[in-house]
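Here the structure comes first, spelled out in structure tokens, and everything after it is commentary.
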Amino acid sequence: MARTVFREQSAPSTVAFVDSPMTAVMETWRLGDNHLFCASMTSNHLSRTARDVRRGPTGTIGIAVQTFGVARFEQDGDQRIVRPGDMMVVELDAPYEFGWAGWGCSRCLHIPTSDVGLTGTQIREAARRLTTSPLYAIVRRHIDDLCIDRDDEVPGLATESLAASSNALIRCLLAPHDPAPDDADIDRWVRRVDTFLTDHLTDPDLSIGAVAGHLDTPVSEVTRLAAVAGVDVPRWITAKRLHRAHADLRRRRTEPDAAFARAHGFADLATFEASFRDLYGLTPRTWWEIRHES
Numbered sequence: 000m001a002r003t004v005f006r007e008q009s010a011p012s013t014v015a016f017v018d019s020p021m022t023a024v025m026e027t028w029r030l031g032d033n034h035l036f037c038a039s040m041t042s043n044h045l046s047r048t049a050r051d052v053r054r055g056p057t058g059t060i061g062i063a064v065q066t067f068g069v070a071r072f073e074q075d076g077d078q079r080i081v082r083p084g085d086m087m088v089v090e091l092d093a094p095y096e097f098g099w100a101g102w103g104c105s106r107c108l109h110i111p112t113s114d115v116g117l118t119g120t121q122i123r124e125a126a127r128r129l130t131t132s133p134l135y136a137i138v139r140r141h142i143d144d145l146c147i148d149r150d151d152e153v154p155g156l157a158t159e160s161l162a163a164s165s166n167a168l169i170r171c172l173l174a175p176h177d178p179a180p181d182d183a184d185i186d187r188w189v190r191r192v193d194t195f196l197t198d199h200l201t202d203p204d205l206s207i208g209a210v211a212g213h214l215d216t217p218v219s220e221v222t223r224l225a226a227v228a229g230v231d232v233p234r235w236i237t238a239k240r241l242h243r244a245h246a247d248l249r250r251r252r253t254e255p256d257a258a259f260a261r262a263h264g265f266a267d268l269a270t271f272e273a274s275f276r277d278l279y280g281l282t283p284r285t286w287w288e289i290r291h292e293s
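Written out as structure tokens, the structure is:
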């Protein structure tokens with residue numbers, strides 16, 4: 000049973016338990032498209048081979064924190080001892096081995112590789128220099144804090160926002176150490192992207208991928224430059240849409256409906272209302288009703 004749960008929460012692999020009888024406690028948290036997996040168990044060894052990868056690709060990376068016991072991890076020729084408090088990056092679509100002797104505990108946040116915006120090579124390079132990042136301790140604490148005792152009480156939209164925050168933080172952690180562009184270059188880049196976003200706010204397919212296509216540059220480069228500029232592109236898009244909707248509501252003669260939401264780039268009225276309330280603290284309808292009082 001423990002082997003099955005372990006494989007389901009991680010990826011197709013071979014899991015061996017050394018001790019008999021074995022003891023294992025598995026906990027999971029679903030956070031938007033991310034999920035957090037905490038495994039506490041006796042001696043074990045997990046092996047994900049190239050055949051396993053071909054049989055079950057995941058499109059996922061894991062950021063793991065060892066919380067008890069001393070583990071051993073190997074991937075792409077990089078072997079390391081993982082002690083309590085250590086953090087590591089696991090590329091689930093590449094072979095690796097992991098395990099520990101005695102009682103141990105590890106928690107791992109799985110996020111879609113596409114949300115990181117890096118190639119496999121860049122991820123592996125980031126994994127090797129992970130401890131040199133000034134964000135190392137911040138991300139480690141963040142993963143610890145994600146183990147929410149009352150997670151079933153967290154609203155769905157809040158978990159989506161939490162996942163987006165986690166992904167933005169991890170993108171910064173793994174960002175390549177390329178020479179930083181000067182302030183003038185960043186300012187020009189921001190203005191260029193801002194103009195593109197303004198011209199395409201009503202396009203429901205507007206995304207970081209669309210920005211990359213417009214700039215004729217990889218998504219990973221857009222992600223890197225956005226991090227340097229201190230912005231998150233998906234949130235930037237949402238904020239600009241909301242600001243335009245806020246202004247348009249002041250002039251609108253009828254209350255906002257689904258057509259109004261779609262005309263401002265939102266998938267539906269519910270998504271628009273939730274995003275508007277998160278930013279302005281009141282619903283679009285309430286703002287529309289009191290618009291002439293402000």
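Count the sequence shown with numbering that gives the first Met the number 0 and you get residues 0 to 293, in order. For every residue, glycine included, the Cβ atom is placed at its ideal position computed from N, Cα and C.
According to DSSP, His34 shares a beta bridge with Arg29, His109. Counting only runs of 4+ residues, the alpha helix (DSSP H) found wholly inside the region 203 to 275 occupies 207 to 214, 218 to 228, 232 to 250, 257 to 262, in chain order. By the neighbour-count criterion, in which 16 or more other beta carbons inside 10 Å mark a residue as buried, Asp85 falls on the buried side. Three or more Cβ pairs drawn from the region 85 to 102 and the region 53 to 67 lie within less than 8 Å of each other, which places the two stretches in contact. Measuring C-alpha to C-alpha distances from Asp231 to each of Ser206, Ala246, Leu35 identifies Ser206 as the nearest. Counting only the Cα atoms, Met21 lies some 36 Å from Leu172.
Counting along the chain, the unbroken alpha helix (DSSP H) around Glu124 starts and ends at 119 to 127. A Cβ-Cβ distance of about 12 Å is found for the pair Ala38 and Cys146, leaving them out of contact under the 8 Å criterion.
Cβ-Cβ distances below 7 Å link Thr66 to Pro83, Cys104, Ser105, Arg106 in the same chain, with the five nearest sequence neighbours on each side left out; the list follows chain order. Ranked by Cα distance from Arg54, the options Asn33, Asn43, Ser19, Thr13 are led by Thr13. The residues Asp75, Glu90, in chain order, have a CB closer than 7 Å to that of Arg123 in the same chain once the five nearest residues on each side in sequence are set aside. Residue pairing for Met86: DSSP places it in a beta bridge opposite Val64. The residue among Pro56, Ala269, Asp114 with its C-alpha nearest the C-alpha of Ser164 is Asp114. Counting along the chain, no beta strand (DSSP E) covers Asp75, and no H or E run does either. Between Thr222 and Arg170, the C-beta spacing is below 8 Å. Bounds of the alpha helix (DSSP H) holding Gly155 are 155 to 173.
Secondary structure of Thr59 (DSSP, three-state): strand. C-alpha of Arg47 to C-alpha of Asn33: approximately 21 Å in a straight line. The C-beta of Ser19 has fewer than 16 other C-beta atoms within 10 Å across all chains shown, which makes the residue exposed.
Collapsing the DSSP output to three states places His291 in a helix.
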